[in-house]
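As numbered in our numbering, the sequence shown has no gaps in its residue numbers, which increase by one up to the final residue, 141.
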Amino acid sequence: MPFVDLGLVPEAASSLLVPRLAGRRRAASWLLLGDGFDAAEARDVGLVSHVVPDGSAPAALGAMIGRLRAKPGLALQITQDLLRRGSSAEILERIELESGYFAERLKSEEVKRAIRAFFERKGPPSL
Numbered sequence: 015m016p017f018v019d020l021g022l023v024p025e026a027a028s029s030l031l032v033p034r035l036a037g038r039r040r041a042a043s044w045l046l047l048g049d050g051f052d053a054a055e056a057r058d059v060g061l062v063s064h065v066v067p068d069g070s071a072p073a074a075l076g077a078m079i080g081r082l083r084a085k086p087g088l089a090l091q092i093t094q095d096l097l098r099r100g101s102s103a104e105i106l107e108r109i110e111l112e113s114g115y116f117a118e119r120l121k122s123e124e125v126k127r128a129i130r131a132f133f134e135r136k137g138p139p140s141l
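Encoded structure:
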């Protein structure tokens, strides 16, 4: 999550949701320091639900879809609806707050310098 390294701020309510899932200390490591994490760590904190070996995602997804299709459809739909219920106001409010800061930061000289430095280190993207 290289937001700060690029002179930016988190987006998509990540400043709210990541600490809730991973805890404040781990979220600070990812969001403030830009530390990376692997798939197992993402699963352990609840950012992802499954981790599969490289190259096996299509087969794993197919198996999961098969399991879901074998279940009563209406019960699945209702359960999914229940899982989504709850107040999204706090999340939407955070997205709005982050978006304002993000848009403001995009105009800053600090961001322009950070992005320029990033591309100078990485070189042009290969096609």
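For every residue, glycine included, the Cβ atom is placed at its ideal position computed from N, Cα and C.
{"query": "Residue of ARG135, ALA131, ARG39 minimising C-alpha distance to GLY21", "result": "ALA131"}
{"query": "VAL62 classed as buried or exposed, judged by whether at least 16 other C-beta atoms fall within 10 angstroms", "result": "exposed"}
{"query": "Nearest-angstrom beta carbon gap, SER43 and ASP52 [assumed within contact, 8 angstroms]", "result": "Not really, about 13 angstroms apart at Cβ, beyond 8 angstroms."}
{"query": "DSSP three-state assignment for GLY114, whether helix, strand or coil", "result": "helix"}
{"query": "Alpha-carbon to alpha-carbon, ILE129 and GLY208", "result": "Nothing in the structure corresponds to residue 208, since the chain is present only between 15 and 141."}
{"query": "Reduced DSSP category for GLY87 - H, G, I as helix; E, B as strand; rest coil", "result": "helix"}
{"query": "Reduced DSSP category for LYS136 - H, G, I as helix; E, B as strand; rest coil", "result": "helix"}
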